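To keep things clear, I will list the structure first and then write my remarks on it.
Residue numbers (the working numbering): 78 to 459.
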């Protein structure tokens, strides 16, 4: 590809990204003003969109020649990529942990960003100086190298932290909810996977074409564009995500109930009462059943109900309730004429609020899908 074609692509992509930067600012305003969803998470995503807009405007700033007129712009824009990992991590923390508050310790996550600012500042101050020795001179004269290295390390480190956080969230919500539709963050796992893949792709391409600054610029614009699409999708989905209030902390059965006032004798009585009530009233058929709601029905503290389910029944609330729902579904699948019934209507009858959830949970607990179970049980051999 000749130089003219590369420059043309760069200008086109830079213009597209400038439009995207404007969109990012509008979406940031929508998230800040929205009263729907998880508001602390929305504010963090708005901040993420703001710094993303700065990065997306990079190409157009270059075209206008503003870096030559105001070198300080490159100090900020050249380092802003080092804020993406921490902000996306804080966003996931806010989405998966209720309240989120900025604390002094959290600003340590932005040390790489500050180092990036330092490298770019040194570049403009010492770029023509010959007094800097060895490798330090190379880092000062090529600040994008240490920034790129830190970006690679950040991508790996924060991806690991975010995956761990989402796994903890998945375990925690099952302690208090019987239905995860509307509160699960599987969609966010996909957004995270796409974010990591784009980051790796962009850094790899930039590393391969580093000999040509024009191609590096084009690769950077493509990367910004893909990151923006992913972040926009995440931001809009966030406004629809209901806020989750967790039940008791899942820090492990031993520590969790150390201060509990529930005696062994009372726990046995509550267990019998719980099982009798569940089977008599079929509370599990309520698709919106939660641990606090069931505790209110039994007129006992939610912490005591959680303790009984965890310690006496060795299950979490999600598996406990959905075990009853799956058994109810099995009984209906064995009834005469069940082949003519639609699975989705059967799912609603048994307390599930979507066919996808019904299929997934049934397979997890029964080892096969509802349709396979019905076929086997109603076959002539059975």
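We put the beta carbon where it would ideally sit given N, CA and C, even for glycine. None of these values were measured; they are calculated from a predicted model.
Distance between residue j and residue i (C-alpha atoms, nearest Å)
i           : j           : result
residue 169 : residue 243 : 8 angstroms
residue 125 : residue 375 : 45 angstroms
residue 185 : residue 141 : 35 angstroms
residue 190 : residue 196 : 10 angstroms
residue 443 : residue 452 : 14 angstroms
residue 162 : residue 423 : 44 angstroms
residue 95  : residue 80  : 22 angstroms
residue 427 : residue 392 : 20 angstroms
residue 370 : residue 354 : 13 angstroms
residue 109 : residue 253 : 29 angstroms
residue 98  : residue 171 : 24 angstroms
residue 227 : residue 395 : 41 angstroms
residue 359 : residue 404 : 12 angstroms
residue 87  : residue 303 : 15 angstroms
residue 193 : residue 152 : 8 angstroms
residue 298 : residue 91  : 6 angstroms
residue 327 : residue 435 : Its pLDDT being 39, under 50, residue 327 is placed unreliably in this model, and the value from its coordinates should be taken loosely. Taking the straight line joining both Cα atoms gives about 26 angstroms.
residue 331 : residue 247 : Interpretation of residue 331 is limited by its pLDDT of 47, a score under 50 that renders its predicted location unreliable; the figure taken from the coordinates is listed afterwards. Looking at the two C-alpha atoms, the distance is approximately 20 angstroms.
residue 281 : residue 296 : 10 angstroms
residue 251 : residue 430 : 16 angstroms
residue 182 : residue 449 : 52 angstroms
residue 144 : residue 134 : 12 angstroms
residue 173 : residue 357 : 35 angstroms
residue 362 : residue 342 : 29 angstroms
residue 398 : residue 118 : 30 angstroms
residue 300 : residue 128 : 15 angstroms
Residue closest to residue i, alpha-carbon to alpha-carbon, out of the options
i           : options               : result
residue 400 : 276, 440, 433 and 372 : 440
residue 275 : 295, 264, 305 and 252 : 305
residue 267 : 237, 307 and 107      : 307
residue 425 : 406, 412, 411 and 236 : 406
residue 338 : 309, 377, 300 and 357 : 377
residue 236 : 269, 420 and 219      : 269
residue 348 : 362, 372 and 105      : 372
residue 159 : 247, 233 and 402      : 233
residue 219 : 199, 229 and 231      : 199
residue 264 : 447, 281 and 240      : 240
residue 188 : 121, 379, 340 and 231 : 231
residue 178 : 203, 116, 150 and 229 : 116
residue 309 : 445, 415 and 272      : 272
Beta-bridge pairing of residue i - partner residues as DSSP gives them
i           : result
residue 254 : 367
Rounded Cβ spacing between residue i and residue j (contact assumed at less than 8 angstroms)
i           : j           : result
residue 107 : residue 166 : That belief does not hold up - the Cβ atoms of residue 107 and residue 166 are roughly 22 angstroms apart, past 8 angstroms.
residue 224 : residue 155 : 6 angstroms
residue 157 : residue 136 : Rounded, the Cβ-Cβ distance is 13 angstroms, inconsistent with contact.
residue 148 : residue 221 : In fact, because the Cβ distance is near 15 angstroms, the residues do not count as touching under 8 angstroms.
residue 454 : residue 420 : About 14 angstroms separates the two Cβ atoms, so there is no contact after all.
residue 433 : residue 385 : That belief does not hold up - the Cβ atoms of residue 433 and residue 385 are roughly 30 angstroms apart, past 8 angstroms.
residue 130 : residue 102 : 5 angstroms
residue 412 : residue 256 : Not quite, the Cβ-Cβ distance comes to about 24 angstroms (not below 8 angstroms), so this is no contact.
residue 368 : residue 379 : 6 angstroms
Beta carbon proximity, residue i to chain D, threshold 8 angstroms
i           : result
residue 127 : Here there is only one protein chain, and chain D is not present.
### Message
Report the start-end ranges of each alpha helix (DSSP H) in the stretch 408 to 455 that is 4 residues or longer and not cut off at the edges.
### Response
Here the runs fully enclosed are 420 to 426, 432 to 443 and 447 to 454.
### Task
Entirely within the stretch 117 to 174 and at least 4 residues each: give me those alpha helix (DSSP H) ranges in chain order.
Here the runs fully enclosed are 135 to 141, 143 to 146, 149 to 154 and 161 to 174.
### Task
Identify every run of the alpha helix (DSSP H) within the stretch 200 to 247, keeping only runs that are complete inside it and at least 4 residues long; order them along the chain.
Runs found: 211 to 218.
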